[in-house]
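Notes follow the structure.
Chains as they are written, first to last, in my numbering: chain P, 1 to 673; chain U, 1001 to 1406.
Written out as structure tokens, the structure reads:
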């Protein structure tokens, strides 16, 4: 080697020294190789752990739109919070602490001096110790300094903003200890005037900043509340998302309705920002690792005009505390054009009165259009009618209803020993008359004659007792006997008689009844109802493509003769239009041929006491070329009937439909199908 | 041998000078990087900034070293005992509270000269080398006499004890290998050296065992708490070991917290060095220093290597070590070619001293050595250290100029 050659051969000490130096330098090189190259990654991780804080950045939540895609039902609104910016205040903290410490040291010196004076000698080291400012006191001084600076800044801000700002010292210190890399909000949700005032007066850095957050906003208030559902503050990570974050910014998670059911697509994918912090935890710089991907918009099938009309009609006729629902469906496509439930609530959930929301009778959160099991009453006679007509009932055959011995103005029928009372008078009834006066005796008689199996078979063809799958997980399937159930020995004629008048072992939802009446209207096609047309990217042409949900999906076809349907439709038409007083005449709208059936089901408690009624009106229109199925249901403890309570509500809805279809610029329903 | 200045300049050890220039360049660049990351330091006027001052010290050191090259080292070294005793005087003076300054660090190491914080221990190391070289360059026969050996020991232990008293354990410790190697090269009989090494190792072992591994209640060497703590961290011994047996849980907790805090520098230095990886993050891109994880007070002096290693990676580390190797081995060559034993001993002393500094300082950055306040020659910020290093290397050049055959 270059150097070694020059050492004299007889100089072993220098050679030894050279070897030692070489060994030492090789040890250093080896150590550095180990630390920097072999374990480099480990230390890189240590460094990241101690100097990076990851922040979950929620994505912009998708909008919920009506069927035109133009009217917004749910969107986001910017919300400005006024925040303290820790980094900017750091210098002030330090100088305030410096002053406080100086004072403390002066006090300490004074106390030592006075103690020495009292003792007449200088203090020993141990005695001095009790006067020395210890670490705990230093920390306390720091906290005091922070509080002093923060209150000063807050007072300044509050004076300039003309708003009273209250800061909680405990929360402030905790935020300093745990969320130093994040701004600390002192005034939430600034009004536009406050924002303007802030922008004018805070051009110089005072240590306060505006912080922008996104807030869920429902521009139409309570409209379609049950369909939309609501969101709740939820910052947690979605599946497949980074799950560890140092901090999370406010985000929302859908709880019910479309917000809940389509939460995944509405919410988008959160992004991640990493903040570099210094050794004290103050924020130094930010890097966005992944941008949040905005959520998709959900386009509903709801027609805003009809939806509003349905809600207004429920409110106008039955008041805000009415327990009812109205569903409007396109009988050709299965599109839900309106789905209203009452009492309603505000999707901006914090605006609701918690006591009212918790009311066990009102249950405002319950979507009565599909979440409650309800006895259908006489509207189920449409099914009995089909079963009877298909099994040989001659509609012109006259049945004589006997008078009720205890109430001679009304009819009745005896099934075995049991008497079933009628609301219709005694006398002679053919099919049409029995239908429009909703004669219990007639339908019990012919229902029994057709046999319960046939009734159940037809009911099952309409998929009663099964969910419509409109809202998986948010829907009840109702209750309906099975063939096996009625064939076993326990099923009695009395049970069949009850079933014929829509009582007893049967429960439905307004949504199911809408699908059913739509099938009568469209020639027997049981449709899958559709509430969401499509899910689409927020900005067309960005992100992944959306999903289209096809309309007019046929679930099943009821095997029924056209003649039977015609007889039934004529009878339904007469129920609304008959001059001699059908039960549903209150629904009639001039210029629109409405076909309907009223119902009034008794609701009994566990001890068979009458506790209330379910009033129904099940209908479609127009008669000639059916397009709309409208079902209205109201739960009540008071007297009334489907014809007096629900038909007027349906009337208002049909008027709105008529207005909409005859308006000069009427949009065809089919345009966006 | 009556050569003019002009002639001698062509016989300089250019390779060594080149390596020194490289080190000084790196020193300036990284003192800049280490201090400019601090916002308040960056606001100082340019003439008050550390990197400018460092350049100033380099210039002064080069000038001093250059001047020393003008006179034959044999003439210069006649003054070595004078220098030695003057330094001993300053080492005594620094211990006197009114003269010595602590800079708030607990150790009394500095004499405040207004423009310059004079650090006697740095000069003490060089003064010891000069005096020892002078002492050991006597005829070999005399070195065999025990009286001479013990005198030599005295020469070593006087500054050793005084520096230890400051306390500055690191600076005191580097005197040991320096003295030992010089004695070895001078030709002190093997048996003395072996005995010396044996005794020193035995004492060191006993010391470590006494402090850390004996059960409580046994006699323990009195020691400054912070020194014991530093060693405890190095030996991986828990602080709670030192707690009195009746310590409350709160006290034990306090000790554990203190241990964590004290280990902080070492841990952060290690993270800095390790996170540099192979290629480093780039000049002034290191976050450990910029964000204050590596304490600002030490980043530009004792822990400058962490900054270099983080920003330039393993490549930078290799370059630094390569430059030091060039300086050290050219120094050894100078020793081999020295005209007489005096020159050889000075060269060997300087080489060993530099090597000890480099090894201890870089070693503590990667946790193979305990943390002691030993600067990295020419790279760490600091007037005394830079001046002494450059003066020592000036002497080295002097010896090279007047080497055998010239």
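Cβ coordinates follow ideal geometry from the N, Cα and C atoms, glycine included.
Anticipated Cβ contact below 8 Å, residue i with residue j, distance rounded
| i | j | result |
| --- | --- | --- |
| residue 526 of chain P | residue 517 of chain P | Contact flag wrong, Cβ pair sits at about 11 Å. |
| residue 340 of chain P | residue 322 of chain P | Not a contact, Cβ separation roughly 11 Å. |
Burial state of residue i, where buried means 16 or more other Cβ atoms lie within 10 Å
| i | result |
| --- | --- |
| residue 678 of chain P | With chain P represented from 1 up to 673, any question about residue 678 of chain P goes unanswered, as that position is not in the structure. |
| residue 261 of chain P | buried |
| residue 433 of chain P | buried |
| residue 678 of chain P | Since the first residue shown for chain P is 1 and the last is 673, residue 678 of chain P is missing from the structure and cannot be characterised. |
| residue 296 of chain P | buried |
| residue 119 of chain P | exposed |
| residue 480 of chain P | buried |
| residue 721 of chain P | Nothing can be reported for residue 721 of chain P, as the shown portion of chain P is limited to 1 through 673. |
| residue 1357 of chain U | buried |
| residue 393 of chain P | buried |
| residue 483 of chain P | exposed |
| residue 509 of chain P | buried |
| residue 1005 of chain U | Here the model assigns residue 1005 of chain U a pLDDT of 48, short of 50, so the residue's position is not dependable and the matter cannot be decided. |
| residue 316 of chain P | exposed |
| residue 567 of chain P | buried |
| residue 1002 of chain U | For residue 1002 of chain U, the predicted structure reports a pLDDT of 46, less than 50, and the residue's modelled location is therefore unreliable. The matter cannot be settled from this model. |
| residue 373 of chain P | exposed |
Boundaries of the beta strand (DSSP E) in which residue i is found, first to last residue
| i | result |
| --- | --- |
| residue 428 of chain P | 427-429 |
| residue 596 of chain P | 595-604 |
| residue 339 of chain P | 336-342 |
| residue 297 of chain P | 297-300 |
| residue 187 of chain P | 184-187 |
| residue 413 of chain P | 407-415 |
| residue 419 of chain P | 418-421 |
| residue 288 of chain P | 283-290 |
| residue 631 of chain P | 628-636 |
| residue 1324 of chain U | Segment 1304-1337 is the alpha helix (DSSP H) holding residue 1324 of chain U; no beta strand (DSSP E) there. |
| residue 534 of chain P | 532-536 |
Enclosing alpha helix (DSSP H) for residue i [first to last residue]
| i | result |
| --- | --- |
| residue 1057 of chain U | 1050-1069 |
| residue 22 of chain P | 12-32 |
| residue 500 of chain P | 493-500 |
| residue 123 of chain P | Residue 123 of chain P -> no alpha helix (DSSP H), and no H or E assigned at all. |
Cutoff 8 Å: residue i Cβ touching any chain U Cβ
| i | result |
| --- | --- |
| residue 98 of chain P | no |
| residue 150 of chain P | no |
| residue 11 of chain P | yes |
| residue 33 of chain P | yes |
| residue 276 of chain P | yes |
| residue 159 of chain P | no |
| residue 703 of chain P | Chain P is shown from 1 up to 673; residue 703 of chain P falls before or after that span and cannot be answered. |
| residue 137 of chain P | no |
| residue 279 of chain P | yes |
| residue 371 of chain P | no |
Closer than 8 Å to chain P by CB, residue i
| i | result |
| --- | --- |
| residue 1171 of chain U | no |
| residue 1317 of chain U | yes |
| residue 1001 of chain U | For residue 1001 of chain U, the predicted structure reports a pLDDT of 41, less than 50, and the residue's modelled location is therefore unreliable. A value from the coordinates is still provided. No, its Cβ sits nowhere closer than 8 Å to a Cβ of chain P. |
| residue 1028 of chain U | no |
| residue 1178 of chain U | no |
| residue 1376 of chain U | no |
| residue 1309 of chain U | yes |
| residue 1274 of chain U | yes |
| residue 1287 of chain U | yes |
| residue 1321 of chain U | yes |
| residue 1194 of chain U | no |
Proximal chain B residues relative to residue i, where beta-carbon distance stays under 7 Å
| i | result |
| --- | --- |
| residue 1020 of chain U | The structure shown has no chain B; the protein chains it does contain are P and U. |
Positions along the region 1380-1393 of chain U whose CB lies within less than 7 Å of some CB in chain P: Flagged: no residues at all.
Residues of the region 1323-1335 of chain U whose Cβ lies closer than 9 Å to any Cβ of chain P, in chain order: Listed by position, the residues of the region 1323-1335 of chain U near chain P (Cβ gap below 9 Å) are 1324, 1325, 1328, 1329, 1330, 1332, 1333, 1335.
Near-chain U residues of the region 36-50 of chain P - C-beta to any C-beta below 9 Å: Residues 36, 37, 39, 40, 41, 42, 43, 44, 45, 46, 47, 48, 50.
Near-chain P residues of the region 1292-1303 of chain U (beta-carbon distance less than 9 Å), N- to C-terminal order: Using a CB distance below 9 Å, the part of the region 1292-1303 of chain U facing chain P consists of 1292, 1293, 1294, 1295, ordered along the chain.
Cβ-based contacts, 9 Å cut-off: residues of the region 13-28 of chain P near chain U: Residues passing the 9 Å Cβ filter: 13, 14, 16, 17, 18, 20, 21, 22, 24, 25, 27, 28.
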